[in-house]
Amino acid sequence: MIKKIVLCLFTLLLVGCGVETEVINKANGDSKTYLFFKDFDPNNYYIELFDRNNNKNDDTKIIIARNEDNYYYEINGSTQMIIIQKDGYVYTIDPQMKNYSKVEKPVTDYAYGIIPYDFVSLKTKGYETGEEKVYGKSYIYEKYTNNTEETTYYFKGDKLVYIKYKGLQNTLFYKFNLTKDKASSKLFDIPEGYLEMTY
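Residue numbering for the sequence shown follows this note's numbering, beginning at 51 and increasing consecutively.
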């Protein structure tokens, strides 16, 4: 009889260890995502991520930065490409060939869906939370939906570890590395001596 009771208690303990999925209809400024990003300035930032769209050991670094109306995006892996957007132009830079092209076109915000922008809304925005395994390790996640899009932030304690954005046309998955309050203004300069390619 005692063995049965101990076995039942043990089973209950095992079942109770998991984090149940929960839908928070209205947050109160206490979500991990809000607390992590609440002092973030969406007009001035520098973020480093690692690409996790192909495998867990990909060391391709993604840098996304902004300084008011100037935008910076860099992929640095087996190949390197930099995109600087300022003054109505998009500069695509090839550091290996030391050249760049310049095209007049609207801004593409590469941070869209990755970082939140409206922190007033985020403070009370509803979300889904629970526990999910990523590459064999369990993380607490917070999933935010916006019409047909969703962004999921994965945390270990209060530390942001992964970000997943799922839109109509693609899914992006990144390992979070670091963020800085401000990007250096030099980041948005075209490197000296680079040749402009015209087509």
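The C-beta atom is built at its ideal place from N, Cα and C for all residues, glycine as well.
Sequence-distant residues of the same chain with beta carbon closer than 6 Å to residue i, five excluded per side
i, result
"I132", "E124, I143"
"L172", "Y84, P166"
"T198", "L218"
First and last residue of the uninterrupted alpha helix (DSSP H) at residue i
i, result
"L172", "169-174"
"L85", "82-87"
Pair within 8 Å by beta-carbon distance, residue i and residue j
i, j, result
"Y194", "E200", "yes"
"N117", "S235", "yes"
"T202", "E72", "no"
"T229", "I113", "no"
8 Å CB neighbourhood of residue i in its chain, flanking five on each side removed
i, result
"R102", "D108, Y212, F223, Y224, K225"
N-terminal and C-terminal residue of the beta strand (DSSP E) that residue i is part of
i, result
"G180", "177-184"
"R116", "111-117"
"N220", "First-last for N220: undefined, no H or E at that position."
"M131", "130-136"
"D108", "It is not in any beta strand (DSSP E) - D108 carries neither H nor E in the DSSP assignment."
"F205", "199-206"
DSSP bridge partner residues for residue i (one or two, in chain order)
i, result
"S188", "K183"
"I143", "I132, Y150"
**Q.** Three CB pairs or more closer than 8 Å across the region 85-99 and the region 182-189
**A.** no
Q | Three or more C-beta pairs below 8 Å linking the region 103-122 and the region 211-219 | A | no
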